[in-house]
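Visitor: Start counting the sequence shown at 1192; every next residue gets the next number (the working numbering).
Glycine included, C-beta positions come from ideal geometry on N, C-alpha and C.
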Amino acid sequence: MEKKQFKAESKRLLDLMIHSIYTHKEIFLRELISNASDAIDKLYYLALTENTGISRDDFYIRLAVDKEARTLTISDNGIGMSKEEMENNLGTIAKSGSLQFKEENADKMDAKEEIDIIGQFGVGFYSAFMVASKIQVVSKAYGQEQAHLWESTGAEGYSIEPCEKENPGTEIILYIKEDTEDEKYGEFLEEYKVKGLIKKYSDYIRYPIKMNAEKHRMKEASEEQKADKDYTPEYETYREDETLNSMVPIWKKSKGTITEEDYNQFYKEKFFDFEEPAKVIHTNVEGVSTYNALMYIPARTPYNYYTKEYEKGLQLYSSGVLIMEKCADLLPDYFSFVRGLVDSQDLSLNISRELLQHDRQLKAIAVRLEKKIKAELLDMLHTDREKYETFFENFGMQLKFGAYNEFGMHKDAVQELLMFYSSSEKKLVTFAEYVSRMKEDQKYIYYACGESREKLDKQPQTEMLKDKGYEILYCTDEIDEFAIKIIGAVEEKSFKSVSSDDLGIEETAEEKEALEKQAEENKDLFAAMKEALEGKVSEVRVSQRLKSHPVCLTSNGDLSIEMEKVLNAIPA
Ligand code: ADP
Ligand code: MG
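(1) Since Y1638 and S1688 should fall inside the 8 angstroms C-beta cutoff, what is the C-beta to C-beta distance between them, to a whole number of angstroms?
(2) Starting from the Cα of E1294, find the closest Cα among K1233, M1208, G1387 and give me that residue.
(3) Could you pull the start and end residues of the alpha helix (DSSP H) that Q1709 belongs to?
(4) Helix, strand or coil for G1360, going by three-state DSSP, please let me know.
(5) Ordered along the chain, which non-local residues of its own chain (more than five positions away) have a Cβ less than 7 angstroms from that of F1717?
(6) Quick one: grab the DSSP three-state call for M1486.
(7) At which residue ranges does the region 1293 to 1333 contain complete alpha helix (DSSP H) runs of 4 or more residues, listed in the order of the chain?
(8) How about T1361: is its Cβ closer than 7 angstroms to a heavy atom in the ligand ADP?
(9) For K1406, which residues of its own chain have a beta-carbon under 8 angstroms away from its beta-carbon, when the five flanking residues on both sides are left out?
(10) Give every residue of the same chain whose Cβ lies closer than 7 angstroms to the Cβ of R1203, excluding the five residues on either side of it in the sequence, and list them in chain order.
(11) Do M1272 and the ligand ADP come close, with the Cβ less than 7 angstroms from some heavy atom?
(12) Check whether the region 1578 to 1591 touches the region 1550 to 1560, counting contact only when three or more Cβ pairs, one atom from each stretch, lie closer than 8 angstroms.
(13) Mapping the DSSP letters down to three states, classify M1208 as helix, strand or coil.
(14) Tell whether a beta-carbon distance below 8 angstroms holds between S1201 and I1270.
(15) Give a single yes or no on whether G1315 has its beta carbon closer than 7 angstroms to a heavy atom of the ligand MG.
(16) Excluding five sequence neighbours on each side, which residues of the same chain lie with their C-beta closer than 6 angstroms to the C-beta of G1531?
(17) Mind listing, in chain order, the continuous beta strand (DSSP E) runs of no fewer than 3 residues lying wholly within the region 1456 to 1503?
(18) Please list, in chain order, all residues of the same chain as K1634 whose beta carbon is under 7 angstroms from its beta carbon, the five residues on each side excluded.
(19) Below 8 angstroms, can you find three or more Cβ-Cβ pairs linking the region 1388 to 1397 to the region 1367 to 1376?
(20) Kindly identify the DSSP beta-bridge partner or partners of V1512.
(21) Around the Cβ of Y1458, are there at least 16 other Cβ atoms within 10 angstroms (buried) or fewer (exposed)?
(22) With distances taken between CB atoms, is the gap from L1521 to V1533 smaller than 8 angstroms?
(23) So, helix, strand or coil for M1733, using DSSP?
(24) Does the distance from the C-beta atom of F1292 to that of N1268 stay below 8 angstroms?
(25) For V1620, which option in K1384, F1583, M1655 has the closest C-alpha, if you only look at C-alpha atoms?
(26) Taking the alpha-carbon of V1328 as reference, which of E1347, L1205, L1365 has the nearest alpha-carbon?
(27) Taking 6 angstroms as the limit between beta carbons, can you name the residues of its chain near M1321, skipping five residues before and five after?
(28) Helix, strand or coil, according to DSSP, for S1273 in the structure here?
(29) S1266: beta carbon under 7 angstroms from a heavy atom of the ligand MG?
(30) Hey, how far is the Cα of G1288 from the Cα of N1279?
(31) Any chance you could list the beta strand (DSSP E) runs of at least 3 consecutive residues sitting entirely within the region 1423 to 1451, in chain order?
(32) Kindly indicate which residue of K1617, M1277, A1338 has the alpha-carbon position closest to the one of D1648.
(33) Please classify A1623 as buried or exposed, where buried requires at least 16 neighbouring CB atoms within 10 angstroms.
(34) Which of helix, strand or coil does DSSP assign to I1367?
(35) Going by Cα to Cα distance, which pick from E1642, K1562, S1614 is closest to E1607?
(36) Taking 7 angstroms as the cut-off, is the C-beta of N1541 nearer than that to any heavy atom in the ligand MG?
In structure tokens form, the structure reads like this:
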């Protein structure tokens, strides 16, 4: 039997790849920077194992733009490539020299956790063809004499020839495409744009990314000019080397070395808030899934929080490289107010490194984050009540929706975090606190629904309960009663609306007798009242729940009158 190899039309394949994998052209820079970082990691690894005398501080990545020539150049002083390596790694789509390196050194590398090679799919390099019509790669492998130039315009294949290069490392020159009517490429030749992309995607690459960038400064005024009151300062432009990335991600530093100020500063810059966060949650986890998470609870409700525009999610990094701006799967809806990021090496990324496959690791991380956030909130509740109440005023509504939504699936997760205003305590209280204060003969957790606390204080239905010393929870938001209903019971005590017909209060024999007597005596009056209110009430009768008020409404179902109103307002 004859065995044949599949043949791939590389030209077509390349085209397909370039145009279908990536949704954002701009990620090409992230890919090339990641490759440069990998190349440096490899040489650094060599330096560690072979005593070459190279120190970590010697490494850098450099960017340069030349508007005239329309080139963007990315160079590194990493391990470089030999002619063979260029052929294998740049000439073969989906061949990753970095993956191979990781595999070959896997057993040795574990100990050196500083090595954190990013590449694995062998396609990132080609993303540069999204923005470049031609690419030149000048590279000299570490330990070799001869450098080579690899050149390609994408579709037509590539050429390799010897060339001059002094030091080991790689220089990648992109000839940026001309703008067309639909696509603009010129921005990749703008320094500000390049800087912005580095900040966005590659801020935490561990080697400095430098650029000789244009800057502006005020010209020093002469004595004469200073004396002149009409003098307006002049500006001059100059060029200076600038490091564009912050390198060490704050979340990877050990907690002891980070000040509150550092955390707050980072929050304000990263998440565009003017105010310091109410709470910082920093956690480094190792084990089945290894990740660092840095999360914040804002001090105020974002202006669009309770609107459709608000998007929940945490930033997702893989080895310090941004993968996703808002990963919604990392946060449950009821914690959607949390801002922050997660960095993990254990994620299975898809080939474009833009999206994640619905990943077990990601789920596992989300579960642990949820637990962590809840534990931190409970801790705040128990140790810093005032702060928790402010938090609850900001985001409590979301927690109540959380209890109710999805048929109450998450009610157990949020129940402990909920608070309601208490008639007797005159402040927000938790269910657990309520239950701990319940009177011995009290069967239910009572709640009253109304527009405001003031109105509820005067509600006739609550009089007798208050007289008995029972506490009542006030529901002033529409969601409140829905949440309470779906929670059903806390510590086996179920909820009862103060307007429900049966409040579950045992009457003494005398009370019962008195009531019956009163009912009998006023039978005609009640009948006349019922007739007058024909169709509006189903019954008029004596009640023992009133003290100073003459009448009140009750409902004979399980719903409060307020909830009936809400439900009736929903169009059928
Ligand atoms: P990946 O990074 O996933 O391996 P790429 O397509 O980005 O795939 O790169 C292919 C290979 O080319 C890399 O694995 C590496 O071996 C080689 N390479 C790319 N850029 C450089 C560089 N700057 N220095 C040395 N080798 C490089
Ligand atoms: Mg790569």
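Guide: Once the coordinates are examined:
(1) 6 angstroms
(2) K1233
(3) 1700 to 1712
(4) strand
(5) V1731, R1732
(6) strand
(7) 1297 to 1300
(8) yes
(9) T1428, Y1429, R1430, E1431, E1433
(10) none
(11) yes
(12) no
(13) helix
(14) no
(15) yes
(16) L1485, M1486, Y1487, L1505
(17) 1470 to 1476, 1482 to 1488
(18) G1695
(19) no
(20) S1509
(21) buried
(22) yes
(23) First, the residue type needs correcting, since residue 1733 is Val and not Met in the sequence shown. Correct three-state label for V1733: coil.
(24) no
(25) F1583
(26) L1365
(27) I1209, K1216, F1219
(28) coil
(29) no
(30) 8 angstroms
(31) 1426 to 1434
(32) K1617
(33) exposed
(34) strand
(35) K1562
(36) no
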